[in-house]
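**Student:** Supplied in C-alpha coordinates, the structure appears directly below.
Structure (C-alpha coordinates):
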(Lines of atoms letter the chains of each structure in order from A; the text may use other names.)
(Lines give C-alpha, C1' and ligand atoms only; values in the text may rest on other atoms or scores of the structure.)
Protein backbone atom coordinates (compact mmCIF):
# COMPACT_ATOMS: atom_id res chain seq x y z
CA UNK A 1 0.00 0.00 0.00
CA UNK A 2 2.82 2.44 0.82
CA UNK A 3 4.28 1.75 -2.61
CA UNK A 4 0.95 2.61 -4.24
CA UNK A 5 0.65 5.91 -2.37
CA UNK A 6 4.23 6.81 -3.27
CA UNK A 7 3.46 6.07 -6.92
CA UNK A 8 0.36 8.26 -6.74
CA UNK A 9 2.30 11.19 -5.35
CA UNK A 10 5.21 10.76 -7.74
CA UNK A 11 2.96 10.45 -10.79
CA UNK A 12 0.90 13.49 -9.83
CA UNK A 13 3.96 15.62 -9.20
CA UNK A 14 5.90 14.49 -12.25
CA UNK A 15 2.94 14.93 -14.59
CA UNK A 16 2.02 18.33 -13.28
CA UNK A 17 5.60 19.58 -13.20
CA UNK A 18 6.04 18.70 -16.85
CA UNK A 19 2.95 20.74 -17.72
CA UNK A 20 4.11 23.93 -15.99
CA UNK A 21 7.03 26.28 -16.25
CA UNK A 22 7.48 26.65 -12.50
CA UNK A 23 7.92 23.06 -11.27
CA UNK A 24 8.74 24.15 -7.70
CA UNK A 25 5.41 25.92 -7.16
CA UNK A 26 3.51 23.07 -8.80
CA UNK A 27 5.14 20.51 -6.51
CA UNK A 28 4.22 22.64 -3.53
CA UNK A 29 0.62 23.01 -4.73
CA UNK A 30 0.19 19.26 -5.24
CA UNK A 31 1.51 17.79 -2.02
CA UNK A 32 -0.59 14.78 -1.17
CA UNK A 33 -2.69 15.74 1.84
CA UNK A 34 -3.63 13.16 4.48
CA UNK A 35 -7.19 13.31 3.14
CA UNK A 36 -6.04 12.64 -0.43
CA UNK A 37 -3.80 9.80 0.76
CA UNK A 38 -6.77 8.22 2.55
CA UNK A 39 -8.97 8.66 -0.53
CA UNK A 40 -6.40 7.03 -2.81
CA UNK A 41 -5.99 4.16 -0.35
CA UNK A 42 -9.75 3.67 -0.34
CA UNK A 43 -9.79 3.78 -4.15
CA UNK A 44 -7.00 1.18 -4.33
CA UNK A 45 -8.95 -1.19 -2.10
CA UNK A 46 -11.68 -1.34 -4.72
CA UNK A 47 -9.27 -2.52 -7.41
CA UNK A 48 -7.05 -5.11 -5.74
CA UNK A 49 -8.73 -7.70 -7.93
CA UNK A 50 -8.36 -7.11 -11.66
CA UNK A 51 -11.89 -8.45 -12.22
CA UNK A 52 -13.23 -5.59 -10.07
CA UNK A 53 -11.34 -3.06 -12.19
CA UNK A 54 -12.68 -4.59 -15.40
CA UNK A 55 -16.22 -4.50 -14.00
CA UNK A 56 -15.72 -0.80 -13.17
CA UNK A 57 -14.91 0.06 -16.79
CA UNK A 58 -11.12 -0.24 -16.89
CA UNK A 59 -9.65 -1.80 -20.03
CA UNK A 60 -6.13 -2.87 -20.86
CA UNK A 61 -4.07 -0.02 -22.29
CA UNK A 62 -0.86 -1.96 -22.95
CA UNK A 63 1.02 -5.06 -21.86
CA UNK A 64 3.88 -5.15 -19.40
CA UNK A 65 6.97 -3.53 -20.89
CA UNK A 66 10.37 -4.94 -19.98
CA UNK A 67 13.58 -2.97 -20.48
CA UNK A 68 15.90 -5.68 -19.21
CA UNK A 69 18.39 -4.33 -16.68
CA UNK A 70 16.58 -0.97 -16.64
CA UNK A 71 13.45 -2.56 -15.18
CA UNK A 72 9.89 -3.08 -16.26
CA UNK A 73 6.45 -1.57 -15.97
CA UNK A 74 3.36 -3.56 -15.22
CA UNK A 75 0.21 -3.88 -17.26
CA UNK A 76 -1.78 -0.66 -17.47
CA UNK A 77 -5.58 -0.56 -17.39
CA UNK A 78 -7.33 2.72 -18.20
CA UNK A 79 -10.78 4.08 -17.46
CA UNK A 80 -11.30 6.37 -20.46
CA UNK A 81 -14.11 8.33 -18.79
CA UNK A 82 -11.81 9.26 -15.91
CA UNK A 83 -8.74 9.80 -18.09
CA UNK A 84 -10.49 12.29 -20.36
CA UNK A 85 -12.55 14.24 -17.81
CA UNK A 86 -9.82 16.83 -17.14
CA UNK A 87 -10.01 16.30 -13.38
CA UNK A 88 -7.45 15.12 -10.86
CA UNK A 89 -9.65 13.16 -8.42
CA UNK A 90 -7.65 10.80 -6.19
CA UNK A 91 -10.77 8.74 -5.49
CA UNK A 92 -11.05 7.92 -9.22
CA UNK A 93 -7.70 6.73 -10.59
CA UNK A 94 -7.44 7.14 -14.35
CA UNK A 95 -5.02 4.24 -14.80
CA UNK A 96 -4.33 1.16 -12.68
CA UNK A 97 -1.05 -0.71 -13.02
CA UNK A 98 -0.83 -4.40 -12.21
CA UNK A 99 2.20 -6.66 -11.95
CA UNK A 100 1.76 -10.17 -13.37
CA UNK A 101 2.56 -12.85 -10.78
CA UNK A 102 4.17 -16.26 -11.37
CA UNK A 103 0.85 -17.98 -10.63
CA UNK A 104 -0.93 -15.95 -13.34
CA UNK A 105 -2.67 -13.58 -10.95
CA UNK A 106 -2.25 -9.80 -11.07
CA UNK A 107 -1.04 -7.60 -8.19
CA UNK A 108 -2.08 -3.92 -8.07
CA UNK A 109 1.10 -1.85 -7.78
CA UNK A 110 0.16 1.71 -8.76
CA UNK A 111 -2.60 4.21 -9.35
CA UNK A 112 -2.00 6.81 -12.03
CA UNK A 113 -3.72 10.10 -12.71
CA UNK A 114 -3.91 11.84 -16.07
CA UNK A 115 -4.73 15.45 -16.87
CA UNK A 116 -3.76 16.53 -20.36
CA UNK A 117 -1.86 19.80 -20.55
CA UNK A 118 -4.56 21.57 -22.57
CA UNK A 119 -7.14 20.70 -19.90
CA UNK A 120 -4.79 21.63 -17.05
CA UNK A 121 -3.77 25.04 -18.37
CA UNK A 122 -7.07 25.92 -20.04
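Numbering (our numbering), first residue to last: 1 to 122.
Glycine included, every Cβ here is placed at the ideal spot set by N, Cα and C.
In this text, all values refer to a predicted model and were calculated from it rather than measured experimentally.
Are there 16 or more other CB atoms within 10 angstroms of the CB of residue 34, so buried, or fewer, so exposed?
**Tutor:** Position 34 of the chain shown, counting from 1, holds the residue named residue 34. Result: exposed.
**Student:** Check this for me: beta carbons of residue 113 and residue 107, under 9 Å apart or not?
**Tutor:** Along the chain shown, read from residue 1 onward, the residue named residue 113 stands at position 113. Along the chain shown, read from residue 1 onward, the residue named residue 107 stands at position 107. No, these two residues do not count as a Cβ contact at 9 Å.
**Student:** Could you spell out where the beta strand (DSSP E) holding residue 93 opens and where it closes?
**Tutor:** For this step, residue 93 is matched to residue 93 along the chain shown. It is not in any beta strand (DSSP E) - residue 93 carries neither H nor E in the DSSP assignment.
**Student:** On the criterion of 16 or more Cβ atoms from any shown chain inside 10 Å, does residue 91 qualify as buried, or is it exposed?
**Tutor:** Start at 1 with the first residue of the chain shown, and residue 91 comes out as number 91. The residue in question, residue 91, is exposed, as its Cβ has fewer than 16 Cβ neighbours within 10 Å.
**Student:** If residue 75 sits next to residue 93, beta carbons under 8 Å apart, how far is it from one beta carbon to the other, in whole angstroms?
**Tutor:** Residue 75 sits at position 75 when you count from the first residue of the chain shown. Residue 93 sits at position 93 when you count from the first residue of the chain shown. Contact doesn't hold; Cβ gap of about 14 Å is too wide.
**Student:** According to DSSP, simplified to helix, strand and coil, what is residue 82?
**Tutor:** Position 82 of the chain shown holds residue 82. Here residue 82 sits in helix by DSSP.
**Student:** Expressed to the nearest angstrom, what Euclidean distance is found between the alpha-carbon atoms of residue 51 and residue 68?
**Tutor:** Taking the chain shown and counting its residues from 1, the one referred to as residue 51 is at position 51. Taking the chain shown and counting its residues from 1, the one referred to as residue 68 is at position 68. Cα to Cα, residue 51 sits roughly 29 Å from residue 68.
**Student:** Is the distance from the Cβ of residue 115 to the Cβ of residue 61 below 9 Å?
**Tutor:** Position 115 of the chain shown, counted from the first residue, corresponds to residue 115. Position 61 of the chain shown, counted from the first residue, corresponds to residue 61. Result no, Cβ atoms of residue 115 and residue 61 do not sit closer than 9 Å.
**Student:** Please report the straight-line C-alpha distance between residue 38 and residue 111, rounded to a whole angstrom.
**Tutor:** Taking the chain shown and counting its residues from 1, one reaches residue 38 at position 38. Taking the chain shown and counting its residues from 1, one reaches residue 111 at position 111. Going from the Cα of residue 38 to the Cα of residue 111 covers about 13 Å.
**Student:** Is residue 55 helix, strand or coil when you go by DSSP?
**Tutor:** As a first step, residue 55 is located in the chain shown; it is residue number 55 there, counting from the start. Residue 55: helix per DSSP, three-state reduction.
**Student:** Which residues does DSSP pair with residue 111 in a beta bridge?
**Tutor:** As a first step, residue 111 is located in the chain shown; it is residue number 111 there, counting from the start. Answer is 96, bridged to residue 111.
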